[in-house]
Amino acid sequence: MLSYIREGIQGWIAWAIVGLLIIPFALWGINQYFDTGGSLVVATVDGTEISQQRFQREFYSQRDRMRQMLGNQFSADLLDAQLKQKTLDDLINQEVLFQKATDAGFSVSNESIIGIIQSIEAFQEDGQFSNTLYKQQLSANGETPVMFEQRIQRGILTQQLYSGITTTPVVTRYDVDYLLKLQEQTRHIRYATLSVDAYKQEADASDTAIKQYYESNANRYMTQEQVSVSYLELNVSGLGKDAVPTEEDLHKLYDDRSSMYVVPEERRTRHILVAVDEGGSEDDIAAAKAKATDLRKQIADGADFKMLAEQYSDDPGSATLGGDLGYFGKGSLDPSYEETMFALAEGEVSEPVLSSFGYHIIKLEAVRAQKVKPFEEVKQTLIAEYQQGIADRKFFELSEKLTNLAYEVPDSLEDAAGASGLSIQTSELFGRNGGSGIAANPKVALAAFSDDVLKNGYNSEPIEIGENHMIVLRIKDHQAAKLRPLEEVKDEIAIQVIDEKARERVEKAGIDRLQQLRNGNSNVAEIARVEAVNDEQNASTSHQAEEVEVNNDNAEEHQGKGKGAELALAWQDAGELTRTDRSIDSKIVQKAFKLSKSLDGKPVYGGVVLASGDYVVLAIDKVTDGDVAAIDEAKRLSAKRNLLNLIGETAFQNLLTSFKQNSNIVVQDDNI
Amino acid sequence: MDVYTTEDEQIAAIKKWWKENWMSLLGGVLIGSAVLIGGKYWLDSKSHHAEMASYEFETMMQAVNTDKPEQAAEKAALLLGQYTDTPYAGLASLTMAKIKTDSDDLVAAKSHLRWAMDNATQDDVKLIAKMRMARVLLAETKYDEALTLLESIKEDPQKAGVEELKGDIYVAKGDKIKARTAYNIALAVLDTSADNVSGRARDFLQIKLDDLGESTVPTRES
Numbered sequence: 001m002l003s004y005i006r007e008g009i010q011g012w013i014a015w016a017i018v019g020l021l022i023i024p025f026a027l028w029g030i031n032q033y034f035d036t037g038g039s040l041v042v043a044t045v046d047g048t049e050i051s052q053q054r055f056q057r058e059f060y061s062q063r064d065r066m067r068q069m070l071g072n073q074f075s076a077d078l079l080d081a082q083l084k085q086k087t088l089d090d091l092i093n094q095e096v097l098f099q100k101a102t103d104a105g106f107s108v109s110n111e112s113i114i115g116i117i118q119s120i121e122a123f124q125e126d127g128q129f130s131n132t133l134y135k136q137q138l139s140a141n142g143e144t145p146v147m148f149e150q151r152i153q154r155g156i157l158t159q160q161l162y163s164g165i166t167t168t169p170v171v172t173r174y175d176v177d178y179l180l181k182l183q184e185q186t187r188h189i190r191y192a193t194l195s196v197d198a199y200k201q202e203a204d205a206s207d208t209a210i211k212q213y214y215e216s217n218a219n220r221y222m223t224q225e226q227v228s229v230s231y232l233e234l235n236v237s238g239l240g241k242d243a244v245p246t247e248e249d250l251h252k253l254y255d256d257r258s259s260m261y262v263v264p265e266e267r268r269t270r271h272i273l274v275a276v277d278e279g280g281s282e283d284d285i286a287a288a289k290a291k292a293t294d295l296r297k298q299i300a301d302g303a304d305f306k307m308l309a310e311q312y313s314d315d316p317g318s319a320t321l322g323g324d325l326g327y328f329g330k331g332s333l334d335p336s337y338e339e340t341m342f343a344l345a346e347g348e349v350s351e352p353v354l355s356s357f358g359y360h361i362i363k364l365e366a367v368r369a370q371k372v373k374p375f376e377e378v379k380q381t382l383i384a385e386y387q388q389g390i391a392d393r394k395f396f397e398l399s400e401k402l403t404n405l406a407y408e409v410p411d412s413l414e415d416a417a418g419a420s421g422l423s424i425q426t427s428e429l430f431g432r433n434g435g436s437g438i439a440a441n442p443k444v445a446l447a448a449f450s451d452d453v454l455k456n457g458y459n460s461e462p463i464e465i466g467e468n469h470m471i472v473l474r475i476k477d478h479q480a481a482k483l484r485p486l487e488e489v490k491d492e493i494a495i496q497v498i499d500e501k502a503r504e505r506v507e508k509a510g511i512d513r514l515q516q517l518r519n520g521n522s523n524v525a526e527i528a529r530v531e532a533v534n535d536e537q538n539a540s541t542s543h544q545a546e547e548v549e550v551n552n553d554n555a556e557e558h559q560g561k562g563k564g565a566e567l568a569l570a571w572q573d574a575g576e577l578t579r580t581d582r583s584i585d586s587k588i589v590q591k592a593f594k595l596s597k598s599l600d601g602k603p604v605y606g607g608v609v610l611a612s613g614d615y616v617v618l619a620i621d622k623v624t625d626g627d628v629a630a631i632d633e634a635k636r637l638s639a640k641r642n643l644l645n646l647i648g649e650t651a652f653q654n655l656l657t658s659f660k661q662n663s664n665i666v667v668q669d670d671n672i
Numbered sequence: 673m674d675v676y677t678t679e680d681e682q683i684a685a686i687k688k689w690w691k692e693n694w695m696s697l698l699g700g701v702l703i704g705s706a707v708l709i710g711g712k713y714w715l716d717s718k719s720h721h722a723e724m725a726s727y728e729f730e731t732m733m734q735a736v737n738t739d740k741p742e743q744a745a746e747k748a749a750l751l752l753g754q755y756t757d758t759p760y761a762g763l764a765s766l767t768m769a770k771i772k773t774d775s776d777d778l779v780a781a782k783s784h785l786r787w788a789m790d791n792a793t794q795d796d797v798k799l800i801a802k803m804r805m806a807r808v809l810l811a812e813t814k815y816d817e818a819l820t821l822l823e824s825i826k827e828d829p830q831k832a833g834v835e836e837l838k839g840d841i842y843v844a845k846g847d848k849i850k851a852r853t854a855y856n857i858a859l860a861v862l863d864t865s866a867d868n869v870s871g872r873a874r875d876f877l878q879i880k881l882d883d884l885g886e887s888t889v890p891t892r893e894s
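Take a look at the structure:
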C-alpha cells in the first residue's frame, strides 16, 4: 500500500492533493498561516489577544508624550504604574469597541485606509507620499505596514461608532432653558456667623481628656520614619580637570574643528542673465549667446552694468537690484558661475558664461577674504573641549564599573568605591518626602524607601540625578516611626481638645438658633428680615455686608454670662449671589443653593459649619431663576454645546461600560 | 485494511471504489468549491456595500462637524435610502434628528427618531433613539407620553441617563418628590470613575437635585 502511494504520488493523486491545498491558500491568502504564534499576551478580550509587544509600544509612546509635556519634572518611577494601567485600559477599550463595531457591521475600505495613510505628513517627501519613507518610519517604530494599517482601521471604526453617538444628541430649547435657569439662578443670601473663638476661651482641657485624646489619636503623634544613606556620587563635571593636553593634542583638535574657526572666502557679484529655457534648441542657445555677447560689448563700450542688468537681466530676483547677488562662498552657486566668479579680479567683467540657467555676464564687486581664528585665540576653548571629552569617557567607564560592582556585591559599597575611586559619602536623615542635600531629589527618597534597599538591605540601582550625574546608595541608618512621649505633645493636644469642644458647642448653639428661626417663634428673624428688606429698598444694588444688630427676646440666655456673641445674630447681607460666587465663603453659597425654595414668601433658613469651625446661620430671602429671555445668543449656544457634549459623552461612556460587561476580558498581570 | 490480504487485492478494491464513486466525489469537490467561491464573492460584495456606506457616513460627519446641515442631510438621505441594512443608517437618522431639532422642527426630528427606534440595526442605537425621543417629547410638553416611553426601557446600559430624563420630566410636571427620587437613582448608578465626563455629569445632576431643595430637619450638615 505504502509503496503504491509512493509511486502514485508522482501522478494524479499528487496533483489532486496540491489542487485541494491551493483552494484555501488562494481564497484566504497566505499571511494567516505565518502569524507569529507564542508571543506574550497582556490581556484577551473575547478570545482576541492583546500582545505584550503592542502594549509596550503604546506604553512607551504615551510615556514619551508625557515626558515631553512634563520636561524635567518627569519621573518615570512615579508615573509608570499609573501609566501602565491607563495604557492597558485604553487598549482594552479600543479592542472592545473594535470588536463591537465590527460585529455591528461597521467597516472601512482599503482605499480609505490608504488615502488616510498617504495624507499623513510624516510619510511625505516634498508633499508626495513616499513608500520608502513610510516603511522607514514604521520600522523605526517597530511596526510592519500590516500592523499599522490594522491600527488605522481600528481607529476609524471605533471613531465612527464614537462620533455617531457623541455628535448627534438632540438638545431642545427646553433643555437649554432648564440649564440656564439653574446656572444663572441667583439667591438673596443673608448670614450670621457664630465664632468658634468665643467658645474656646471658656473651654478647658483636663489631663484626663488630654490623655484620652493622646491614646485614641496615637497615629497623629508618631515621629516620621527616617533614613540616612551612604552613597557614591559620580558626576561628569570635574572628572577631566586634571587632564593636561599636549600641544599636539590641541592642534589635532583644532584641525578637526577647523570649520568652526575658519570663515571661508566670499565674493559679491552682479550678473546679467540671458535665460535659456530648459531643453532649449541649438538655435535658442545661439540666439541667447548672441544677445549676451552684444550686451558684453555694450559694457566694453562704457555702458553702465547696473542699468543694463535692470533692463535686460532675466533673473527677476537680482535685476531690480542692478544684478546684485550679494556674497557667496564656494559650493552654493552653479559650478560654471562659481568658477568664473572666483577667477575674476575685483571690478572685472567676464565674457558670457553658460550655466544651467542660460548665459551670464558676471562682474566681481568685492571680495571678503577668508577669516581664520588663530590657534592661540581659541586655545582655552580647545583645552576645555579636550577635558570635556576626557571627562565623558571617564564617566562612561566609571559608571559601568560602579553599576556592575554595586549590583554584584549588593550588600556593601566598599567594592564599588574601591574600583571607581570614589569616596563613600553620607546623607542626613530624611523621610519619605525627601530632605536636603541629595535627598532633595525625589528619586533619591523613592529609591531609599524601596523594598530592595530598605527591607532587603541591597544597594540601590544607579539613580540618575542629572545629566551625566548619578549616585548609588544604600541605607546607613533607619529610624522607624515611633510614638512621641505625651509630655512633648501635651500642649499641642490641649489646643486640639479645646478646639474640638468649642466646635461642638458652637455647632450646638447654632443648631438651637436655627431651630428657633425655623419654628418661627423668634423675633430675631423677622426684625432682621424687615431691616434687610428696608435696606435693600434703600440701596437695592448694594452688596456690601451690612451688620444689623438685633435684640433677642430670650432674656435668660442673653443675660447669661455675657455670651453676647452666642446669642445676638449679627446678620450680614451678602446680596443676590450666583452659584459660583466667591465673594463670601463658598461653603455658605453651596449651602444656600441646596436649601429648598420658599413657598410662602417667608425666608428659608439653614446652617453650615465652616472649615474654621465657625457656625453660620443663613437665610434665603429670594430665589430668582436665570432670566432666559435676557440671555444672549452666544451664551445660549455655548450652553447648548456643553449639554450636547455632556449628553453624548455620557451615553457613549455608558455604552462602553455595558460593552465591557458583556465581554470576557482576562488580564495577565504577570506580563504587564 | 487487514481484510485485504494482498496488495493486488487492495489495488483492485480501490479501483473498484473509484469507478463507483468518482462522479459523486468530483461533484462534491465542485459543489464545495462553488460554495466557497460563491460565499467569498457574496462576502466581498456585502463588505463593499458596507464600505460604501462607511464612506458616505464619513462625509456626512464631516459636514456635521463643519456646520453644513444641508450637505449632511443629503448624505443622510442616501444612507437612509440605500444602506438601511448597515449600522450607518441608524446613525444617519440620529444625525437627522439632531439637525431637525437644531432648526426647531420637532415633528420631523421625532419621525427620524421613530425610524431609528424601529429600524436601526443596533439595539444600542434603538435605545439611544428612544431616550432622545423622550427628550423631544419633553420639549413638546407631552410629559406622560415621554414617561411611558422611558418606563418601557428595560435595558440597563443607559440607566443613569434614563433616570435623569425622568427627573427632568417630573420637574417640568412639578412633581418634586418623584423628580428627586429619579435624580437620586441616576446619581447612584452613574459611572463612579473619576474621569472628566462622569464628573461633569455628576455636577449637573447635583445642581438639579439641589434645586429641588432638601429636607428641613436640622442635622449636623444642614
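From first to last, the protein sequence lines are chains D and W.
The numbering used here numbers the first residue of the first sequence as 1 and each following residue consecutively.
The numbering used here numbers the first residue of the second sequence as 673 and each following residue consecutively.
We put the beta carbon where it would ideally sit given N, CA and C, even for glycine.
Could you spell out where the beta strand (DSSP E) holding residue i opens and where it closes?
i, result
"D/Ala619", "615-624"
"D/Ile361", "358-368"
"D/Val274", "266-275"
"D/Asp392", "Note, D/Asp392: premise wrong, no beta strand (DSSP E); alpha helix (DSSP H) at 375-408."
"D/Leu234", "226-235"
Could you check whether the Cβ of residue i sits closer than 9 Å to any Cβ belonging to chain D?
i, result
"W/Thr793", "yes"
"W/Pro829", "yes"
"W/Ser705", "yes"
"W/Ile895", "An answer regarding residue 895 of chain W cannot be provided, because it is not within the stretch 673 to 894 covered by chain W."
"W/Ile857", "no"
"W/Ser719", "yes"
"W/Thr824", "According to the sequence displayed, residue 824 of chain W carries Ser and not Thr. W/Ser824 does not count as touching chain D."
"W/Met724", "yes"
"W/Thr773", "yes"
"W/Asn737", "yes"
Hey, does residue i have any beta-carbon neighbour from chain W nearer than 9 Å?
i, result
"D/Arg579", "yes"
"D/Arg154", "no"
"D/Lys84", "no"
"D/Asn664", "no"
"D/Asn654", "yes"
"D/Gln183", "yes"
Who are the Cβ neighbours of residue i in its own chain at under 7 Å, not counting the five residues just before and after it?
i, result
"D/Val533", "Unreliable placement is indicated for D/Val533, whose pLDDT of 42 sits below 50; the coordinate value is still reported in the next sentence. Nothing listed; no residue qualifies."
"D/Phe148", "Leu138"
"D/Arg154", "Gln94, Phe98"
Among residues of its own chain, excluding the 5 on either side of residue i, which ones have a beta-carbon nearer than 8 Å to its beta-carbon?
i, result
"W/Leu799", "Ile825, Glu827, Pro829, Gln830"
"D/Ser450", "Ser460"
Can you name the residues of chain W whose CB is closer than 7 Å to the CB of residue i?
i, result
"D/Asn93", "Correct list: empty, because the minimum Cβ distance to chain W is about 12 Å."
"D/Arg63", "Within 7 Å Cβ-Cβ: nothing; D/Arg63 doesn't reach chain W, min ~20 Å."
In this structure, how does DSSP classify residue i when only helix, strand and coil are distinguished?
i, result
"W/Lys880", "helix"
"D/Gln425", "strand"
"W/Ile683", "helix"
"D/Val604", "strand"
"D/Asp573", "strand"
"D/Arg187", "strand"
"W/Gly885", "coil"
"D/Ile471", "strand"
"D/Gly127", "coil"
Output, in chain order, the set of chain D residues within a Cβ distance shorter than 9 Å of residue i.
i, result
"W/Pro759", "Ala101, Ala104, Gly105, Phe106, Gln160, Leu161, Gly164"
"W/Arg807", "Pro169, Val170, Val171, Thr172, Tyr174, Asp175, Ile647"
Using a C-beta to C-beta distance shorter than 7 Å, which residues of chain D count as neighbours of residue i?
i, result
"W/Arg804", "Pro169, Val170"
"W/Ile841", "Near W/Ile841 there are no residues of chain D at all, since even the closest Cβ is about 10 Å away, more than 7 Å."
Spatial neighbours of residue i within its chain, please: CB distance less than 6 Å, with the 5 preceding and 5 following residues excluded, ordered by chain position.
i, result
"D/Gly606", "Lys591, Leu595, Leu618"
Quick one: give me the first and last residue of the alpha helix (DSSP H) that residue i is part of.
i, result
"D/Phe328", "D/Phe328 -> not in any alpha helix (DSSP H); beta strand (DSSP E) instead, spanning 324-328."
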